[in-house]
Structure formats: C-alpha cells, structure tokens
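Q: Supplied in structure tokens, the structure appears directly below.
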C-alpha cells in the first residue's frame, strides 16, 4: 500500500522545475501533438490503413 506521504513526495518530485520526469513528459507531449497533426505520422498511418482497407474491399 502507498502512503499519502509517498504520493505527495512523488508529486512534488515531478513538479520540480528541473525534474527529469517533467522534462520527459513535456517532450512526449510535443511529440504526441506532432504525430496527431494532419501531416503527422499518426495521421499518415491512419490514412494508409484506411486506404488499404478500401483497396482490399474493392478486390473482394
């Protein structure tokens, strides 16, 4: 079981300005936003997936 003090300590550590965890979360946030944009990798992958599904359906 985790105590309230341990949770508080963990949150405070993450909230520190120079926290490595905070830096990594910020970095992943930026990467996620880029991937989700219209020209991003996630968007492109989804478009290719849909095209493949549509092409396979036409062949059936």
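In the UniProt record's numbering, the protein residues as written are 1 to 60.
Backbone N, C-alpha and C fix where the C-beta goes; we use that ideal spot for every residue, glycine too.
1) For residue 11, which residues from the same chain have a beta carbon less than 6 Å from its beta carbon, with the 5 sequence-adjacent residues on both sides left out?
2) Can you look up residue 3 in the DSSP assignment and give me helix, strand or coil?
3) Given a cut-off of 9 Å, decide if residue 22 and residue 14 are closer than it, judged by their beta-carbon atoms.
4) Got a sec, what are the start and stop residues for the alpha helix (DSSP H) residue 19 sits in?
A: Considering the structure as presented:
1) Sequence index remark: in the chain shown, residue 11 carries index 11 (1-based). Here the set comprises nothing.
2) Here residue 3 refers to the residue found at position 3 of the chain shown. Note: residue 3 maps to coil in three-state DSSP.
3) By one-based count along the chain shown, residue 14 stands at place 14. By one-based count along the chain shown, residue 22 stands at place 22. It is a contact, given that the beta carbons lie within the stated cut-off.
4) On the chain shown, residue 19 is found 19 positions in, with the first residue counted as 1. No alpha helix (DSSP H) holds residue 19; DSSP gives it neither H nor E.
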